[in-house]
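Numbering (the numbering used here), first residue to last: 3 to 206.
By construction, the Cβ of each residue, glycine as well, lies at the ideal position given by its N, Cα and C atoms.
All remarks here apply to the structure that follows.
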């Protein structure tokens with residue numbers, strides 16, 4: 003399974019690509035569980051909301067790409083020549099995908115203990131970097147705007163689709179003088195947070 007985790011979809015087709023994507027799916031779930039337990043034990047006095055923000059920061063694609071880069075996974079990825087020539091070995095999105103696939107493979111080959119050992123070796127540094135829980139995206143965007151003397155961000159629901167029992171909301175956030183950002187989610191709150199995060203990322 004470890005071999006499949008390092009074969010990028012650009013270098014495989016059919017079942018190989020499907021296996022890679024399935025490992026990503028599994029690795030994402032394994033990471034979420036292990037990180038949840040790590041922060042639950044590390045920050046015993048924190049409320050659920052603070053733990054949720056820590057968790058979101060530690061399982062983001064940026065965190066996965068950072069771990070993959072630090073572990074040197076890029077040099078081992080099997081990819082097409084075109085992808086490699088385009089800088090694929092240093093592409094954060096590809097590194098994040100491979101890191102997730104690797105966690106899925108470790109879980110299948112060695113169980114939760116093997117996957118957890120990798121996570122516990124590479125995630126604590128990020129976990130300790132911020133002793134205070136990270137701000138949620140809407141709060142961070144509001145503070146960003148206020149620090150520059152701008153009006154508060156404006157949020158608008160621009161689309162609603164799907165059945166009543168499973169709606170998908172699309173929210174647009176606008177900060178005066180900047181292009182807006184949109185994101186979708188299963189609730190207005192989730193979509194607004196995602197939109198705020200997307201807009202913040204354009205400022206980085």
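Taking the Cβ atom as the reference point for each residue, do residue i and residue j lie within a distance shorter than 7 Å?
{"i": "residue 207", "j": "residue 175", "result": "The displayed coordinates of the chain run from 3 to 206. Any statement about residue 207 would go beyond what the structure contains."}
{"i": "residue 7", "j": "residue 117", "result": "no"}
{"i": "residue 80", "j": "residue 13", "result": "yes"}
{"i": "residue 1", "j": "residue 26", "result": "In the structure as shown, the chain starts at 3 and stops at 206, and residue 1 therefore has no counterpart that could be examined."}
{"i": "residue 100", "j": "residue 67", "result": "no"}
{"i": "residue 185", "j": "residue 200", "result": "yes"}
Alpha carbon to alpha carbon, how far is residue j from residue i? Give it in angstroms, no decimals.
{"i": "residue 34", "j": "residue 110", "result": "16 Å"}
{"i": "residue 177", "j": "residue 46", "result": "37 Å"}
{"i": "residue 31", "j": "residue 44", "result": "20 Å"}
{"i": "residue 93", "j": "residue 204", "result": "17 Å"}
Within its chain, find whatever has a CB closer than 6 Å to the CB of residue i; leave out the 5 residues flanking it on each side and keep chain order.
{"i": "residue 104", "result": "7"}
My understanding is that residue i touches residue j, with C-beta atoms under 8 Å, so please give their C-beta distance in whole angstroms.
{"i": "residue 124", "j": "residue 73", "result": "6 Å"}
{"i": "residue 196", "j": "residue 157", "result": "Between residue 157 and residue 196 the Cβ distance is about 11 Å, and since that is not below 8 Å, they are no contact."}
{"i": "residue 55", "j": "residue 169", "result": "About 24 Å separates the two Cβ atoms, so there is no contact after all."}
Tell me which same chain residues have a C-beta within less than 8 Å of the C-beta of residue i, skipping the five on either side of it?
{"i": "residue 122", "result": "36, 40"}
{"i": "residue 202", "result": "139, 142, 143, 146"}
{"i": "residue 77", "result": "91"}
Looking only at its own chain, which residues have a Cβ that is under 7 Å from the Cβ of residue i, when we skip the five neighbours before and after it?
{"i": "residue 161", "result": "172"}
{"i": "residue 190", "result": "159, 171, 173"}
Cβ of residue i less than 7 Å from any chain B Cβ?
{"i": "residue 44", "result": "Given the protein chain composition of this structure (a single chain), no chain B is represented."}
Buried or exposed, going by whether 16 or more other CB atoms sit within 10 Å of the CB of residue i?
{"i": "residue 1", "result": "Since the first residue shown for the chain is 3 and the last is 206, residue 1 is missing from the structure and cannot be characterised."}
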